[in-house]
Each structure stands twice: as C-alpha cells, then as structure tokens.
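Line by line, the protein sequences are chains F and B.
Just so it is clear: in the first sequence, position 146 is 145 by numbering that gives the first Met the number 0, and no numbers are missing.
Just so it is clear: in the second sequence, position 186 is 185 by numbering that gives the first Met the number 0, and no numbers are missing.
Here a beta-carbon is modelled for each residue, glycine too, at the ideal position from N, C-alpha and C.
There are 2 protein chains.
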Amino acid sequence: MNSSPVKIGLLGLGTVGAGTVNVLARNQDEIQRRAGRAIQCAKACVQDVSKPRGCDLSAVQLTTNVHDILDDPEIGVVVELIGGEATAREWVLRAIRNKKHVVTANKALIAKHGQEIFSEANKAGVMVAFEAAVAGGIPIIKTLREGLAGNRVSRVTGIINGTCNFILTEMREKGRDFTDVLQEAQQLGYAEADPTFDIEGVDAAHKLTILAAIAFGMPLLFDSVYTEGVSTVTAEDVANAESLGYRIKHLGIASQTEKGVELRVHPALVPKQRLLASVEGVMNAVEIQADAVGEALFYGPGAGADPTASAVVADIVDVVRQLTADPENRVPHLAFQPDNLNHPAIVPMEEIETAYYVYCLVSDQPGVLADITAIFAAHKISISAIEQHHAAGVQSQVPLMLLTKTTKESNLQGALKEMADLESVKGKVKRIRVELEH
Amino acid sequence: MNSSPVKIGLLGLGTVGAGTVNVLARNQDEIQRRAGRAIQCAKACVQDVSKPRGCDLSAVQLTTNVHDILDDPEIGVVVELIGGEATAREWVLRAIRNKKHVVTANKALIAKHGQEIFSEANKAGVMVAFEAAVAGGIPIIKTLREGLAGNRVSRVTGIINGTCNFILTEMREKGRDFTDVLQEAQQLGYAEADPTFDIEGVDAAHKLTILAAIAFGMPLLFDSVYTEGVSTVTAEDVANAESLGYRIKHLGIASQTEKGVELRVHPALVPKQRLLASVEGVMNAVEIQADAVGEALFYGPGAGADPTASAVVADIVDVVRQLTADPENRVPHLAFQPDNLNHPAIVPMEEIETAYYVYCLVSDQPGVLADITAIFAAHKISISAIEQHHAAGVQSQVPLMLLTKTTKESNLQGALKEMADLESVKGKVKRIRVELEH
Chain F
0 MNSSPVKIGL
10 LGLGTVGAGT
20 VNVLARNQDE
30 IQRRAGRAIQ
40 CAKACVQDVS
50 KPRGCDLSAV
60 QLTTNVHDIL
70 DDPEIGVVVE
80 LIGGEATARE
90 WVLRAIRNKK
100 HVVTANKALI
110 AKHGQEIFSE
120 ANKAGVMVAF
130 EAAVAGGIPI
140 IKTLREGLAG
150 NRVSRVTGII
160 NGTCNFILTE
170 MREKGRDFTD
180 VLQEAQQLGY
190 AEADPTFDIE
200 GVDAAHKLTI
210 LAAIAFGMPL
220 LFDSVYTEGV
230 STVTAEDVAN
240 AESLGYRIKH
250 LGIASQTEKG
260 VELRVHPALV
270 PKQRLLASVE
280 GVMNAVEIQA
290 DAVGEALFYG
300 PGAGADPTAS
310 AVVADIVDVV
320 RQLTADPENR
330 VPHLAFQPDN
340 LNHPAIVPME
350 EIETAYYVYC
360 LVSDQPGVLA
370 DITAIFAAHK
380 ISISAIEQHH
390 AAGVQSQVPL
400 MLLTKTTKES
410 NLQGALKEMA
420 DLESVKGKVK
430 RIRVELEH
Chain B
0 MNSSPVKIGL
10 LGLGTVGAGT
20 VNVLARNQDE
30 IQRRAGRAIQ
40 CAKACVQDVS
50 KPRGCDLSAV
60 QLTTNVHDIL
70 DDPEIGVVVE
80 LIGGEATARE
90 WVLRAIRNKK
100 HVVTANKALI
110 AKHGQEIFSE
120 ANKAGVMVAF
130 EAAVAGGIPI
140 IKTLREGLAG
150 NRVSRVTGII
160 NGTCNFILTE
170 MREKGRDFTD
180 VLQEAQQLGY
190 AEADPTFDIE
200 GVDAAHKLTI
210 LAAIAFGMPL
220 LFDSVYTEGV
230 STVTAEDVAN
240 AESLGYRIKH
250 LGIASQTEKG
260 VELRVHPALV
270 PKQRLLASVE
280 GVMNAVEIQA
290 DAVGEALFYG
300 PGAGADPTAS
310 AVVADIVDVV
320 RQLTADPENR
330 VPHLAFQPDN
340 LNHPAIVPME
350 EIETAYYVYC
360 LVSDQPGVLA
370 DITAIFAAHK
380 ISISAIEQHH
390 AAGVQSQVPL
400 MLLTKTTKES
410 NLQGALKEMA
420 DLESVKGKVK
430 RIRVELEH
C-alpha cells in the first residue's frame with residue numbers, strides 16, 4: 000500500500016475552497032484513518048495571492064499560474080472550485096489529459112459539459128467526482144448512483160436551491176415581500192450579488208439535469224429543463240397557500256411518466272404534512288420515489304463553506320481510497336482502517352445529561368407540589384414545567400407531570416427515589432428522557 | 000472486462016430473500032446497465048423446497064444442503080438472509096474461507112461477530128457488505144462510511160426500529176393502548192410472533208452498535224449499549240407529551256461527549272418541530288450531526304421485503320462493480336454504463352398533468368364565479384376549492400383563488416386565457432402548480 004500523502008491542487012480559493020482547506024486540516028486525523036493515507040492540500044491557484052482567505056495557508060503554496068498545478072507531476076488530484084463554464088472546462092480537461100483525478104463542485108460545468116469531460120476521463124483512466132455539485136452536504140449523487148442501485152427510480156423531487164428556499168421560508172414566517180427578503184439574503188451571503196441564477200431557477204435546473212441523468216440513465220439534457228423562478232411569488236400567494244393547507248416550495252422535479260420524462264423547475268404548493276414541506280431556510284432535501292425502496296428522503300444543508308467542503312472532501316477520500324486500498328478493501332468495513340479504531344470510554348448511564356419528563360400519581364392535597372419541587376431543588380435539578388391535574392368531584396389520586404431542564408441522570412435518579420418515598424406519591428414514578436431540544 | 004453473469008447464492012428465502020429474487024428479476028436491465036454485468040440468482044438454500052415463496056423461482060436451483068452453495072466454485076457472492084447468530088456466523092465464515100464475497104442483512108451477526116468476520120474477509124481478500132443490516136432501504140452505512148467521510152461525527156440519533164415507531168404512531172394518532180397496537184402490528188406482519196427483540200430495544204441496539212462504530216471509528220460494542228424498550232410507554236404518556244409540544248419516539252443515540260461515547264436506546268420526547276418527530280409508522284430516519292455537514296437526515300422504510308432487498312441488491316451491485324470495472328471507472332459517472340444511456344422522450348410542458356392554484360383580482364359583482372367555473376368546466380377541469388374574498392366597505396376589486404384537481408397543463412392554459420379575457424377579471428391571472436398531493 001502506497002503510504003505517501005496524496006497531494007491536492009485547488010483551483011480557486013473562495014468560500015468553498017477555504018472550507019475545503021479548513022476541513023482537510025481540522026479532520027486530518029479522521030480522514031487519514033478513513034482513507035488509509037494522508038491528504039495534503041499542497042497548492043492553490045488564485046487571482047490575488049495577498050487577499051485574506053479565512054483559512055490557514057502556511058502549508059499551501061499559492062500561485063496565480065494554473066499550470067503550476069495542472070502541469071505539476073506531484074499533484075494527484077485537482078479540485079476545481081472556480082465555477083463558471085469556459086475556463087473551468089478548459090482547466091478540467093487539461094488536468095484530465097495530464098492524468099490527474101478531478102473533483103469539482105461546478106454544477107453548470109457538469110450539467111452542460113459533463114459528457115465531454117467524462118468521456119475524456121475514461122480515455123485518460125482518471126476519476127472525475129462531483130458530489131458537491133448537487134445539494135451541498137447531502138451525498139445524493141452517491142445515494143442515487145450506489146445506495147439505490149437496485150431500484151427503478153420513478154421520480155426525484157428536490158428542494159435544491161437554498162436561496163429560493165430561504166426566501167420562501169422568510170416570506171411565510173414573517174409575511175415579508177420577495178424583494179425585501181432577497182435584499183436580506185444578499186446581506187447574509189445566502190444570495191449572490193447577481194442573484195439571477197438562483198432566483199430564476201437556473202441553478203436548480205443545472206442540479207436537476209444531473210439528478211435526472213443519474214436517476215434514469217439518460218444523458219445530461221440541461222436545455223430540456225422547463226424553468227421558472229420564485230420572483231413572481233407574492234406574500235399573498237404564500238399566505239393563501241398556508242390557509243389552504245400547503246406551503247410554497249421551489250422544486251426541481253424529474254419524473255418518469257407514460258409519455259416520457261418530465262424535467263421541470265418551478266414553485267409549487269406542497270401539502271403541509273409532507274416532510275418536504277417542513278424543509279426550511281437554506282436547507283435542501285431530495286425525495287426519491289423508486290420501486291424497491293418506495294419513498295426515501297435525504298436532507299441537509301445545500302450550500303455554505305463547510306457543508307460543500309464535506310462533499311468535496313468525501314469525493315477526495317473516494318479517489319484516495321481507490322488509489323490506495325486493495326480492491327476488495329476499498330472502503331473499510333467500519334469506515335476506518337481496522338488497525339486504526341479508537342477505543343473510547345463509554346459513558347455510564349448515571350453520567351449522561353439530558354432533560355426528563357416525569358410522571359406519577361399523587362394525592363390531591365395541599366403541599367404536594369411544594370414537597371416535590373423542594374426535592375428537585377435539593378438535587379440541583381431545574382424544572383421547566385410542572386402540571387398537576389385536579390380532578391372534578393372527589394378523587395384521591397391525580398396525575399402529576401413535570402419537565403426538567405438538562406441534568407445528570409444520577410441527579411434525577413436521586414430525586415425520583417426521594418419522590419417515590421413521599422407519602423403523597425402513589426405507585427411508580429416514571430421518567431422518559433427528552434432529546435433533540437436544541 | 001469480464002462479461003459473464005455473476006452468480007449469487009441465497010442462504011434463506013423468507014420475506015427478504017423473496018424480495019431480493021423479485022428485485023433482481025424485475026430490474027434486471029437497469030441493474031446490468033449500472034453494474035456493467037448481469038447478476039443471476041442461481042441457487043437458494045431453504046429448509047423446505049416445496050413451500051411457496053412469493054417469487055419466480057424458475058431460474059433458481061433450490062437446495063436444502065448449504066454446501067451446494069458454499070462449496071460451489073461457480074457462486075461468486077453469497078447472500079446471507081437466515082438471521083440469528085450461530086448458524087449464520089458459521090456459514091458466513093465458511094463462505095469467506097471459500098473466497099466468496101458475502102452480503103448480509105443480519106444486524107445481530109454484524110453487531111456481535113462483525114470484527115471476527117471482517118478480519119477473516121481481509122485475510123481471504125473478499126468483500127463483506129451489510130447495508131441492509133441497518134435502517135432497511137436507507138443507505139445509511141454508505142452515507143456514513145463514504146458520503147460523510149470528511150466529517151468528524153458528533154452524534155447519531157435514529158428511529159431505527161419500525162415496529163416501535165409504528166406502535167408509538169398508532170398510540171398517538173388513535174389514542175390506543177400499547178398491548179392493543181402490538182397485537183395489530185403482529186397481524187399486519189410489522190412485529191414478529193415473538194416481538195421481544197423489537198419492543199425491548201435489542202434490535203435497535205444491534206443497529207446502533209454498527210452505526211456508532213462506523214461514525215466514530217470504534218469497535219462494535221454491543222454489550223455497552225444501554226437499552227430500554229417501548230412496552231412501558233402508556234397512552235397517557237403519549238398524550239401528555241403531545242400536550243407539552245413533543246412526540247414520543249424510540250431512539251438509538253450514539254453521542255461523542257467530553258466524558259466519552261454515550262450509547263443508548265430508549266423512548267424519548269422529541270420536540271414536534273424536529274423532522275425526526277414527523278417520522279411516522281414503520282418509517283425509519285437517522286439524523287447525523289457532524290462538524291462539516293452540520294445536520295443531515297436520511298429517511299426511508301426501515302423494513303419490508305422490497306426496501307430491504309433494495310439495500311441487499313445495492314451491496315451486490317457494489318461487489319459486482321468492484322469485480323468488474325476498471326478501478327478508475329468503478330461507478331459510472333452517470334450511474335449507468337456510458338454506452339447504455341437511454342434517450343427518453345422529454346414531455347413538453349403542455350402535456351404534463353398536475354393540480355394548480357390559480358389567483359387573480361376580480362370585480363366584486365354578481366356572476367363572476369359563474370363565469371369562471373363555466374370556463375373551467377368547458378376545459379374539463381375540476382375545481383376542488385374556490386374562494387372569493389368580499390371586501391368590507393366599497394372596493395371594486397377583490398382577490399379570487401381556486402385549486403384545481405389534476406389536469407393537463409394545456410387545458411389549464413386554455414382556461415386561463417379565456418379567464419383573462421373576461422371583463423370582470425382584472426390584471427394578470429396567475430397559477431402555481433401543486434405537487435406531491437398523493
């Protein structure tokens with residue numbers, strides 16, 4: 000097994016580039032334990048070497064000349080993060096002809112020039128990976144290409160543009176107008192200075208083109224995608240949809256029908272009870288309908304430095320595993336190399352910390368709440384809600400329930416034990432933990 | 000490239016086995032286009048060859064002697080679907096020593112004997128795949144091992160037992176008691192005749208053991224999982240949780256904390272607004288918290304013949320791709336072999352069929368609704384809701400909105416055009432499509 004580090008060259012060092020440098024550095028140890036080999040970000044091509052980048056560049060050689068990367072025999076993997084079409088296509092093709100593996104986050108490049116690039120890569124015997132091109136941190140390309148490989152896919156429905164989803168969510172939650180929210184999205188960095196590609200649906204159409212090809216085994220047909228954006232949706236439409244039991248989402252839809260394949264991107268009313276309707280803000284989600292799995296949904300952040308870097312680095316690890324491992328052990332069974340497992344301490348249950356729901360029957364008499372709250376206070380447990388239901392008529396026992404704030408399980412056990420000993424508490428005191436509160 | 004079919008031998012032909020035979024047969028063409036090679040289910044080992052199996056066995060040789068499969072040099076991949084521990088372990092180890100790749104859906108086997116099996120597989124140079132062991136049709140093993148390989152995972156929270164989730168969902172939706180719902184689940188085939196493993200949390204603990212190892216790079220520590228089932232949850236607890244803004248879910252939790260790793264399976268109150276709280280019935284979902292991706296969630300059916308077969312077949316395709324393709328082209332860029340893409344008809348937008356929300360301003364005068372509904376009827380469009388808001392005071396224009404049933408886009412366009420020509424309709428008539436209604 001080759002144990003020298005794999006050297007990466009980045010083309011572009013914007014938001015996602017800096018995120019990739021950061022993730023590779025921060026998780027160096029875990030990534031090496033997974034990939035079986037160190038991954039080193041050796042060079043980055045930028046337009047301005049003096050611009051601050053928000054990442055530690057002490058081990059990264061900056062250059063303004065792309066050939067310092069594309070023609071360097073030491074660079075094994077080129078990561079294209081400049082976006083756009085013409086230059087990206089030229090550089091990627093040159094990297095491929097120089098026998099370098101390519102990882103890209105560029106949806107326009109793949110949607111419009113994918114087939115040419117893949118064909119060149121097959122000829123050159125190198126890999127081209129593009130997980131980050133669709134739905135940011137959600138590994139939807141891998142899921143469709145590999146995880147659902149036994150299925151006949153009938154429909155892909157995705158919220159695949161975070162800017163549109165953020166705008167529609169804000170319009171609904173705060174009753175605000177489109178223009179107003181768009182300005183905020185631009186200030187927050189969720190929308191580009193020129194937001195046309197996002198809000199007119201072009202970005203979503205690039206991504207849908209890729210999803211449809213992979214789901215249905217068809218070519219990349221960007222020009223066949225019907226595209227409508229969100230700029231015509233008004234606050235009144237959003238409120239009307241809500242009153243009818245729907246939420247407006249900007250969807251990309253690829254659907255197999257008897258007439259052929261539908262490829263379309265447009266706003267749509269989605270019934271509130273569907274999971275997709277609950278996908279809010281800049282989050283993305285893709286729902287798959289397929290004959291064997293039935294319905295599945297994959298949810299996560301669709302953009303941003305770290306989530307997109309998550310997908311870029313996963314692709315780099317895929318390439319490195321393929322270069323490094325014996326074919327039969329490409330991916331280690333337990334994700335990490337077997338001689339590199341940690342043996343962590345397992346936390347005893349008494350030590351875990353969570354919130355609790357507590358329930359018991361108590362005598363319907365004065366002083367019960369005072370006794371119980373005193374016990375919880377003595378065990379340093381804060382109570383966030385307590386309810387005692389007084390019975391109509393004469394009834395000696397009534398239910399009491401309370402919610403605690405986060406505390407140690409041993410503290411709770413101590414309190415419950417004392418509670419059970421109170422004369423006013425009848426029968427068993429029960430507790431159920433509360434999770435995912437924050 | 001080797002183009003002869005890969006021959007599969009099934010150990011066990013129960014629900015999942017029959018599902019696997021069905022999926023391999025039904026999607027033969029798509030699977031071969033993805034894997035680059037035909038996959039043939041050649042043999043199956045069963046206890047009773049005359050029992051009906053719910054799948055076409057005309058091409059499958061049945062045997063009661065496992066050595067007809069384990070010792071057959073023609074069989075390349077053994078699929079273990081008998082469940083249980085001792086016999087499954089023995090047969091899997093023998094298959095491995097005979098240089099056969101192994102696919103298994105057996106969570107108990109992997110959780111308790113995984114390390115021994117993986118170590119033998121590494122020695123023999125064969126693959127062992129177990130996607131179907133956790134969360135049925137959701138490719139969560141692949142997602143954690145590969146799709147999120149750049150991340151440091153901090154927490155895995157899963158609804159990973161469909162029986163428990165079905166029971167808790169029924170209790171909430173219908174106010175029913177645990178025992179009552181359990182009986183129904185058994186009749187529906189969602190719960191085993193002996194439901195102990197499911198309802199006491201042992202099955203979830205097996206799955207959590209596997210998820211934790213893969214997420215955190217630690218050994219399989221089944222004995223360290225704290226386990227509580229759902230049998231103590233009452234209808235009253237479920238109602239109380241609801242009134243406090245929560246839903247009770249049976250969770251598997253693996254969490255990295257400062258004190259070490261927490262491994263626990265128990266019922267928990269989950270705030271209603273979390274996606275996990277909306278996972279109902281026999282569905283599963285796994286939420287991942289990790290440093291780069293942030294939060295992601297993967298949702299799908301956790302059990303059943305076809306969904307589990309989806310995972311089994313994905314593993315078989317993974318093995319076959321590794322055996323068949325050039326290393327650099329293990330997974331085709333667009334999922335299917337490049338010379339095997341379909342060129343489907345693309346449906347023109349006028350031909351798509353969906354429901355529509357329609358909005359416009361109309362004069363506040365008698366006869367407007369009659370005119371509009373007549374136009375929709377003439378274009379054969381059914382209206383499912385129509386609302387005209389009458390203004391307080393004197394106002395000449397009021398909003399009108401309607402929802403149609405599913406119709407052809409060209410029909411709608413025709414109706415909207417006529418509507419726009421009505422004297423009583425003011426300004427533009429707007430429509431937004433309605434999706435995912437069923």
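Legend entry - Residue(s) in a DSSP beta bridge with residue 246 of chain B: Taking the second sequence and counting its residues from 1, one reaches residue 246 of chain B at position 247. BP columns for residue 246 of chain B point to B:269.
Inset, instruction - Can you grab the Cα-Cα spacing for the pair residue 135 of chain B / residue 288 of chain F, in whole Å? - result: As a working mapping, residue 135 of chain B is identified with position 136 in the second sequence. As a working mapping, residue 288 of chain F is identified with position 289 in the first sequence. Between residue 135 of chain B and residue 288 of chain F, the alpha-carbon positions lie close to 15 Å from each other.
Legend entry - Cβ-Cβ distance between residue 264 of chain B and residue 207 of chain B below 8 Å: Within the second sequence, residue 264 of chain B is the residue found at index 265, counting from 1. Within the second sequence, residue 207 of chain B is the residue found at index 208, counting from 1. Residue 207 of chain B sits close to residue 264 of chain B, with the two beta carbons spaced by under 8 Å.
Inset, instruction - Give a yes or no on whether the C-beta atoms belonging to residue 261 of chain F and residue 346 of chain B are separated by under 8 Å. - result: Numbered from its first residue, the first sequence carries residue 261 of chain F at position 262. Numbered from its first residue, the second sequence carries residue 346 of chain B at position 347. Result yes, Cβ atoms of residue 261 of chain F and residue 346 of chain B sit closer than 8 Å.
Inset, instruction - Put residue 397 of chain F into one of helix, strand or coil per three-state DSSP. - result: For the purposes of this step, residue 397 of chain F is taken as residue 398 along the first sequence, with counting starting at 1. In the three-state DSSP reduction, residue 397 of chain F falls in the strand class (E or B).
Legend entry - Inter-residue spacing [alpha-carbon to alpha-carbon] between residue 421 of chain B and residue 399 of chain B: Residue numbering aside, residue 421 of chain B sits at position 422 when the second sequence is read from its first letter. Residue numbering aside, residue 399 of chain B sits at position 400 when the second sequence is read from its first letter. Put simply, the backbone Cα of residue 421 of chain B is about 14 Å away from that of residue 399 of chain B.
Inset, instruction - Let me know if residue 301 of chain B comes out buried or exposed under the rule of 16 or more other beta-carbons within 10 Å of its beta-carbon. - result: Start at 1 with the first residue of the second sequence, and residue 301 of chain B comes out as number 302. Around the beta-carbon of residue 301 of chain B, 16 or more other beta-carbon atoms lie within 10 Å, marking it buried.
Legend entry - Spatial distance of residue 112 of chain B from residue 284 of chain F (CA atoms): Walking along the second sequence from the start, residue 112 of chain B turns up at place 113. Walking along the first sequence from the start, residue 284 of chain F turns up at place 285. Inter-residue distance for residue 112 of chain B and residue 284 of chain F is about 36 Å (C-alpha atoms, whole angstroms).
Legend entry - Same chain, Cβ closer than 8 Å to residue 270 of chain B, five either side skipped, listed in chain order: Taking the second sequence and counting its residues from 1, one reaches residue 270 of chain B at position 271. 244, 245 and 276.
Inset, instruction - Could you work out which residues of chain F lie near residue 258 of chain B, taking near to mean beta carbons separated by less than 8 Å? - result: Indexing the second sequence from 1 puts residue 258 of chain B at position 259. Correct list: 344, 346 and 350.
Legend entry - Close Cβ partners of residue 268 of chain B (< 7 Å) along its chain, the five nearest in sequence each way excluded: Taking the second sequence and counting its residues from 1, one reaches residue 268 of chain B at position 269. Result list for residue 268 of chain B: 240, 245 and 247, in chain order.
Inset, instruction - Tell me residue 106 of chain F's beta-bridge partners as DSSP assigns them. - result: Here residue 106 of chain F corresponds to residue number 107 of the first sequence, with the count starting at 1. Looking at the DSSP assignment, residue 106 of chain F forms no beta bridge with any residue, so it has no partner.
Legend entry - Identified DSSP bridge partners for residue 282 of chain B: In the second sequence, residue 282 of chain B corresponds to position 283, counting from 1. Partner(s): B:300.
Inset, instruction - Compare the C-beta of residue 292 of chain F against all C-beta atoms of chain B and say whether one is closer than 8 Å. - result: Residue 292 of chain F sits at position 293 when you count from the first residue of the first sequence. Yes, residue 292 of chain F lies at the interface with chain B (some Cβ there is under 8 Å from its Cβ).
Inset, instruction - Please classify residue 256 of chain F: does DSSP put it in a helix, a strand, or coil? - result: Here residue 256 of chain F is taken as the residue at index 257 of the first sequence, counted from 1. Per DSSP, reduced to three states, the secondary structure at residue 256 of chain F is strand.
Legend entry - Same chain, Cβ closer than 7 Å to residue 90 of chain B, neighbours up to 5 away in sequence not counted: Numbered from 1 along the second sequence, position 91 holds the residue referred to as residue 90 of chain B. Excluding positions up to five away in sequence, the list reads 10, 65, 69 and 79.
Inset, instruction - Output, in chain order, the set of chain F residues within a Cβ distance shorter than 7 Å of residue 277 of chain B. - result: The residue given as residue 277 of chain B occupies position 278 in the second sequence. The contacting residues are 274 and 277.
Legend entry - Beta-carbon proximity list for residue 373 of chain B, same chain, < 6 Å, skipping 5 on both sides: Taking the first residue of the second sequence as position 1, residue 373 of chain B is located at position 374. The answer is none, since no qualifying residue turns up.
Legend entry - Selected residue, minimal CA-CA separation from residue 349 of chain F, among F:220, F:200 and F:413: Translated into the one-based positions of the first sequence, residue 349 of chain F becomes position 350. Considering only alpha carbons, the answer is F:413.
Legend entry - Within chain B, the residues that residue 263 of chain F reaches when beta carbons sit closer than 8 Å: Start at 1 with the first residue of the first sequence, and residue 263 of chain F comes out as number 264. Contact note: residue 263 of chain F reaches chain B through 348 and 351, using a C-beta cutoff of 8 Å and chain order.
Inset, instruction - Grab me the residues of residue 377 of chain F's own chain with a C-beta within less than 7 Å of its C-beta, minus the 5 sequence neighbours each way, in chain order. - result: Start at 1 with the first residue of the first sequence, and residue 377 of chain F comes out as number 378. Exclusion of the five residues before and after residue 377 of chain F leaves no residue of its chain whose Cβ lies closer than 7 Å to its Cβ.
Inset, instruction - Below 7 Å between beta carbons is the criterion; list the residues of the region 303–320 of chain F that meet it against any residue of chain B, in chain order. - result: Answer in chain order: 305, 306, 308, 309, 312, 313, 316 and 317.
Inset, instruction - Spatial neighbours of residue 203 of chain F within its chain, please: CB distance less than 6 Å, with the 5 preceding and 5 following residues excluded, ordered by chain position. - result: Within the first sequence, residue 203 of chain F is the residue found at index 204, counting from 1. Taken in chain order, the residues that qualify are 159, 160, 251 and 264.
Inset, instruction - Measure the C-alpha to C-alpha separation of residue 98 of chain B and residue 7 of chain B and round it to an integer number of angstroms. - result: Residue numbering aside, residue 98 of chain B sits at position 99 when the second sequence is read from its first letter. Residue numbering aside, residue 7 of chain B sits at position 8 when the second sequence is read from its first letter. Across the structure, residue 98 of chain B and residue 7 of chain B are spaced so that their CA atoms are roughly 13 Å apart.
Inset, instruction - State whether the region 35–42 of chain B contacts the region 314–325 of chain B, with contact taken as three or more CB pairs (one from each stretch) at a distance under 8 Å. - result: The region 35–42 of chain B is in contact with the region 314–325 of chain B.
Legend entry - Cβ-Cβ separation, residue 41 of chain B to residue 81 of chain B (assumed contact under 8 Å), whole Å: Taking the second sequence and counting its residues from 1, one reaches residue 81 of chain B at position 82. Taking the second sequence and counting its residues from 1, one reaches residue 41 of chain B at position 42. At roughly 18 Å, the Cβ-Cβ gap does not stay under 8 Å, so residue 81 of chain B and residue 41 of chain B are not in contact.
Inset, instruction - Might you give, ordered along the chain, the residues of its own chain that have their beta carbon closer than 6 Å to the beta carbon of residue 87 of chain F, omitting 5 neighbours on each side? - result: Counting from 1 along the first sequence, the entry for residue 87 of chain F is found at position 88. Excluding sequence neighbours, residue 87 of chain F sits near 79, 81, 105 and 108.
Inset, instruction - Could you tell me whether the Cβ atoms of residue 340 of chain F and residue 282 of chain B are closer together than 8 Å? - result: In the first sequence, residue 340 of chain F corresponds to position 341, counting from 1. In the second sequence, residue 282 of chain B corresponds to position 283, counting from 1. Not closer than 8 Å, so no.
Inset, instruction - Return yes when the Cβ of residue 330 of chain B is within less than 8 Å of the Cβ of residue 22 of chain B, no when it is not. - result: Start at 1 with the first residue of the second sequence, and residue 22 of chain B comes out as number 23. Start at 1 with the first residue of the second sequence, and residue 330 of chain B comes out as number 331. For the 8 Å CB-CB criterion, residue 22 of chain B and residue 330 of chain B do not form a contact.
Inset, instruction - On the DSSP bridge assignment, give the partners of residue 225 of chain F in chain order. - result: For this step, residue 225 of chain F is matched to residue 226 along the first sequence. Partner(s): F:263.
Inset, instruction - To the nearest angstrom, report how far apart residue 238 of chain B and residue 171 of chain B are at their CA atoms. - result: One-based indexing of the second sequence puts residue 238 of chain B at position 239. One-based indexing of the second sequence puts residue 171 of chain B at position 172. Going from the Cα of residue 238 of chain B to the Cα of residue 171 of chain B covers about 7 Å.
Inset, instruction - Inspect the beta-carbon positions of residue 94 of chain B and residue 152 of chain B and report whether they are closer than 8 Å. - result: In the second sequence, counting from the first residue as 1, residue 94 of chain B sits at position 95. In the second sequence, counting from the first residue as 1, residue 152 of chain B sits at position 153. Going by C-beta atoms, residue 94 of chain B is not nearer than 8 Å to residue 152 of chain B.
Inset, instruction - For residue 336 of chain B, name the three-state secondary structure that DSSP assigns. - result: On the second sequence, residue 336 of chain B is found 337 positions in, with the first residue counted as 1. DSSP places residue 336 of chain B in the coil class of the three-state scheme, outside both helix and strand.
Legend entry - Residues of its chain near residue 382 of chain B, where Cβ-Cβ distance is below 8 Å and the 5 sequence neighbours each way are ignored: Here residue 382 of chain B corresponds to residue number 383 of the second sequence, with the count starting at 1. So the qualifying residues of the chain are 372, 375, 401, 402, 403 and 404.
Legend entry - Identity of the residues DSSP links to residue 13 of chain F by a beta bridge: For the purposes of this step, residue 13 of chain F is taken as residue 14 along the first sequence, with counting starting at 1. In the DSSP assignment, no residue is bridged to residue 13 of chain F.
Inset, instruction - Give, in chain order, every residue of the region 135–153 of chain F whose Cβ lies closer than 7 Å to some Cβ of chain B. - result: Cβ contacts with chain B come from 136, 137, 138, 141, 142, 143, 144, 145, 146, 147, 148, 149, 150 and 151.
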